[in-house]
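Residue numbers (our numbering): 461 to 922. Structure, as structure tokens:
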Ligand SMILES: [Zn+2]
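In structure tokens, the structure reads:
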């Protein structure tokens, strides 16, 4: 955390209500410790004179479990079709045009803008699935971590928490031994990923590892990476596209998730990103391992990926988190809303994610799932408004249009489903305010630098 991210509070905090253990608790005292974790959380306590009284209902921050920060520079720039067919793969070809240009300084400025937007959107931590490693000509930078440190600098400047996930990326497809020329910036083997993880941890960064996808890594390298990484989360894109499922079937005789369940020693460390095309048997196989899934509803909608079997994943008890992925959307509540609305449209039912008799409120079921599933995705043992977890919180703005006149018991429902715009008045990360009255505490963070980076990147665009 840098000086730009605001000062640590000097006093305990007191909230009229706070979201604790899946329900609203009244009159809550929250005491951050000097190391940025909750030293104490107590409900039903009158505000002590020493406490700072928060001006709205308090919720825990969410983990954005899947982001490619550089793709923020592409948001809104691929929404037209000039040929007969457009899908994920044609989008990817255009996305690579951005990936081939971005410099470390541009990446820092793009990521800083993104991270301020994520903080405004209710995320206090972001997992960067980081494969844009090398210089535009494909050669490693003098410091091979130059692009990773750009992301770390952006996180430090803005105050958001970061889990860095350097990516194993070796080949263009199951039957292709090497990468395409336009994938030259991504090339890594297991040793390179492990080396970056060591370098990141030496800088004090939280760092797991990632595998781009089954099509992009050999089984031998995957095993070497996961065995050697020892601890920390392991993320992998899987079953996002039907073409990937078909290719995996042709190459291995198994669907991607079935292959992972059979060969990858899945465990709670593992986070299966998207997991869109999964059979009931694959879902049950994942559930037996403790591995989690990361849904990215707006990106999956934007790319025409398909719709995950949310009811089945939930009923199987698989940990579930959400990710902003391509960063067309930076709003956690919108991701939860779309996760539910996709199901309603497909199934012609309402409140699909709710669990009558256990958690009848759809917003609460989805919010708590994302809260609990985000912890292992980010590499945390504890998360939320509980003692020992990082001292992160969101203060809902009672003047937000969607919350006016809403009974306290329905606040979360209104936040997710009543179209709340800019709902977070204040945001805290690790005991420090990063957003106050809707304004980022670092003041000069860096919309102008983002504008300049975009102008450089798109200077030849019409
Ligand atoms: Zn992704």
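Idealized CB from N, CA, C, for every residue including glycine. Bear in mind that the values here come from a model prediction, so they are computed numbers and not experimental data.
Could you spell out where the beta strand (DSSP E) holding residue i opens and where it closes?
| i | result |
| --- | --- |
| residue 891 | Per DSSP, residue 891 belongs to no beta strand (DSSP E) and is neither H nor E. |
| residue 950 | In this structure the chain extends from 461 to 922, so residue 950 is not present and cannot be described. |
| residue 696 | 694 to 698 |
| residue 589 | 583 to 590 |
| residue 659 | Looking at the DSSP string, residue 659 is not in any beta strand (DSSP E); the run it does join, the alpha helix (DSSP H), is 650 to 662. |
| residue 527 | 522 to 527 |
| residue 475 | 473 to 480 |
Pull up the DSSP beta-bridge partners for residue i, would you.
| i | result |
| --- | --- |
| residue 899 | 896 |
| residue 734 | 698 |
| residue 624 | 588 and 667 |
| residue 744 | Answer is none; residue 744 lacks a bridge partner. |
| residue 497 | 850 |
| residue 636 | 633 |
| residue 781 | 754 |
| residue 856 | 884 |
| residue 512 | 473 |
| residue 518 | 478 and 855 |
| residue 502 | 489 |
May I ask which residues mark the beginning and end of the alpha helix (DSSP H) holding residue i?
| i | result |
| --- | --- |
| residue 483 | Where residue 483 is concerned, there is no enclosing alpha helix (DSSP H), although the beta strand (DSSP E) it sits in stretches over 483 to 492. |
| residue 816 | Neither: residue 816 is in no alpha helix (DSSP H) and is coded neither H nor E. |
| residue 797 | 792 to 807 |
| residue 764 | Careful: residue 764 lies outside any alpha helix (DSSP H) and carries neither H nor E. |
| residue 566 | 564 to 580 |
| residue 876 | 871 to 877 |
| residue 831 | 822 to 838 |
| residue 538 | Element bounds for residue 538: n/a, residue is neither H nor E. |
| residue 688 | 679 to 689 |
| residue 723 | 716 to 723 |
| residue 549 | 548 to 559 |
| residue 618 | 606 to 618 |
| residue 771 | 770 to 775 |
Give me the Cα-Cα distance between residue i and residue j, rounded to the nearest whole angstrom.
| i | j | result |
| --- | --- | --- |
| residue 684 | residue 747 | 24 angstroms |
| residue 719 | residue 612 | 34 angstroms |
| residue 846 | residue 681 | 38 angstroms |
| residue 542 | residue 917 | 22 angstroms |
| residue 819 | residue 563 | 47 angstroms |
| residue 461 | residue 889 | Reliability fails at residue 461, whose pLDDT of 38 lies under 50, so the model's placement of it is uncertain and the value that follows must be treated cautiously. In a straight line, the C-alpha of residue 461 is about 9 angstroms away from that of residue 889. |
| residue 766 | residue 798 | 13 angstroms |
| residue 473 | residue 536 | 39 angstroms |
| residue 580 | residue 690 | 34 angstroms |
| residue 640 | residue 646 | 10 angstroms |
| residue 552 | residue 511 | 51 angstroms |
| residue 894 | residue 619 | 6 angstroms |
| residue 928 | residue 498 | The chain is shown only over 461 to 922; residue 928 falls outside these bounds and no answer can be derived. |
| residue 701 | residue 539 | 19 angstroms |
| residue 699 | residue 478 | 37 angstroms |
| residue 506 | residue 574 | 38 angstroms |
| residue 637 | residue 597 | 20 angstroms |
| residue 546 | residue 706 | 19 angstroms |
| residue 851 | residue 752 | 24 angstroms |
| residue 853 | residue 731 | 24 angstroms |
| residue 790 | residue 523 | 12 angstroms |
| residue 655 | residue 744 | 35 angstroms |
| residue 576 | residue 913 | 16 angstroms |
| residue 708 | residue 634 | 7 angstroms |
| residue 482 | residue 816 | 15 angstroms |
| residue 803 | residue 503 | 35 angstroms |
| residue 841 | residue 495 | 16 angstroms |
| residue 643 | residue 872 | 42 angstroms |
| residue 667 | residue 592 | 16 angstroms |
| residue 756 | residue 610 | 24 angstroms |
| residue 787 | residue 595 | 23 angstroms |
| residue 484 | residue 557 | 47 angstroms |
| residue 589 | residue 687 | 19 angstroms |
| residue 532 | residue 608 | 16 angstroms |
| residue 801 | residue 735 | 18 angstroms |
| residue 959 | residue 693 | This structure does not reach residue 959, given that the chain is present from 461 up to 922, and the question cannot be answered. |
| residue 530 | residue 811 | 35 angstroms |
| residue 902 | residue 554 | 34 angstroms |
| residue 672 | residue 632 | 11 angstroms |
| residue 759 | residue 697 | 13 angstroms |
Any chance the segment 826 to 834 sits against the segment 862 to 870, with 3 or more Cβ pairs inside 8 angstroms? Cβ pair count under 8 angstroms is below three, so no.
Contact between the segment 896 to 914 and the segment 553 to 572 (3+ Cβ pairs under 8 angstroms): The segment 896 to 914 makes contact with the segment 553 to 572: 3 or more CB pairs, one atom from each, lie closer than 8 angstroms.
At a cut of 8 angstroms, does the segment 766 to 776 reach the segment 710 to 725 through at least three beta carbon pairs? Contact between the segment 766 to 776 and the segment 710 to 725 is absent, because fewer than three Cβ pairs lie under 8 angstroms.
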